[in-house]
Amino acid sequence: MTTMTTGTTATTFRGRLTALGRAEVTLLARNRTAVFVALLMPAAMVLAVKSTLKQSVLDGSGLTVAAAALTGGIGIVLIQAVYMNLVSAYVARREDLVLKRLRTGEVTDREILVGTALPSVALALAQTVVIVVAGTAFFGLAAPQRPELLLAGLLLGVVLLTALAAATSAVTRTVQTAQLTTLPLFFISMMGSGLFVPLEIMPDPMASVCELLPVTGVMTLVRTGWLGGADGSDLLVAALTGLAWTAFAVFAVQCRFRWDPRR
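Here the sequence shown is numbered in this note's numbering, starting from -10 and rising by one per residue.
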């Protein structure tokens, strides 16, 4: 792993995070599989959904196929670029003794986790900007109607999925098994969190359950921020659900995160 910058810069909070982030960018660039998944898979899935999703399926939701595919694409970017990529990163750093070595220095545990996540978060946010620009320029969607809600949904999603990634790494033995341990959240979110199939078209009992899933609140804020539609009570429930899952994930990390290799 790239060594941290020495001198006064490395002794500041900002300097330590910058050094960690720079090292993670180098390691991420060397992992072609991770780069491929983070960059190309979300775009491929959005295009696949847009070509197969029929407008009749969305009747009653007020969404067009393009709107459903592109807002859902933001959710896919968050899950793949942040959650799935970070589970592999945390496990790889743990098994290579990187986390253990970092803890012997002046970097705090929180800084290690945040610094490791910075490149994945930056990548997800950059892809989100591309999706929004493409949606408004080429797919006939309006500019975000409530940018503050879109930003709030993105920030909530980044924090939530980073914490969930750290928690999931605790039960993941190797980088290879990370492909399996991340699948439950991926499939549950795809099917039930409104990424591509809005909760409005689901039966009421099913929709009520799906509202409580980890990523549902994030998607409600993101979709409302871009397209509008949800009222104040729905947004409050979405925010509280996302914050509750974030608090649970942070608590799980504090109790269960592993810094030493699983031998």
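Backbone N, C-alpha and C fix where the C-beta goes; we use that ideal spot for every residue, glycine too.
For residue i, the nearest candidate out of the options (CA to CA)
| i | options | result |
| --- | --- | --- |
| A236 | L149, D249, Q165 and A227 | L149 |
| A12 | V80, P108 and R99 | P108 |
| Q69 | A196, P173, V121 and A126 | P173 |
| T230 | T213, C244, C199 and L216 | C199 |
| T7 | I101, T117, A78 and D193 | I101 |
| R245 | L130, T1, V160 and L232 | V160 |
| V54 | A228, V186, A238 and P194 | V186 |
| W234 | A219, D220, T205 and A106 | T205 |
| A33 | L225, A132 and V66 | V66 |
| A228 | I177, L169 and L143 | L143 |
| R135 | R5, V121 and A126 | V121 |
Secondary structure of residue i, DSSP reduced to three states
| i | result |
| --- | --- |
| P203 | coil |
| G10 | helix |
| A(-1) | Because the pLDDT at A(-1) is just 43, under 50, the model does not fix this residue reliably, and the point stays unresolved. |
| R90 | helix |
| W215 | helix |
| P194 | helix |
| T60 | helix |
| D249 | coil |
| L130 | coil |
| P173 | helix |
| E189 | helix |
| R5 | helix |
| E100 | helix |
| T53 | coil |
| T(-9) | Only weak support is given to the placement of T(-9): the predicted model assigns it a pLDDT of 41, under 50, and the value that follows is read from those uncertain coordinates. T(-9): coil per DSSP, three-state reduction. |
| S182 | coil |
| L232 | helix |
| T163 | coil |
Cβ pair residue i, residue j closer than 7 Å
| i | j | result |
| --- | --- | --- |
| G146 | V207 | yes |
| S222 | L202 | no |
| T104 | G10 | As written in the sequence, residue 104 is Gly, which differs from the Thr given in the question. Contact flag set, yes. |
| R162 | R251 | yes |
| L59 | A141 | no |
| A154 | V80 | no |
| M73 | T157 | no |
| I63 | T117 | yes |
| L184 | A196 | no |
| A113 | L216 | no |
| A115 | V242 | no |
| D193 | K89 | no |
| L138 | G214 | yes |
Endpoints, alpha helix (DSSP H) assigned at residue i
| i | result |
| --- | --- |
| D220 | Unbroken run through D220: none, as it is neither H nor E. |
| E84 | N74 to E84 |
| S158 | P136 to S158 |
| Q168 | A167 to T170 |
Any non-hydrogen atom of the ligand FMN within 6 Å of residue i CB
| i | result |
| --- | --- |
| A152 | Within the structure as shown, the ligand FMN is missing, as the structure has no ligands at all. |
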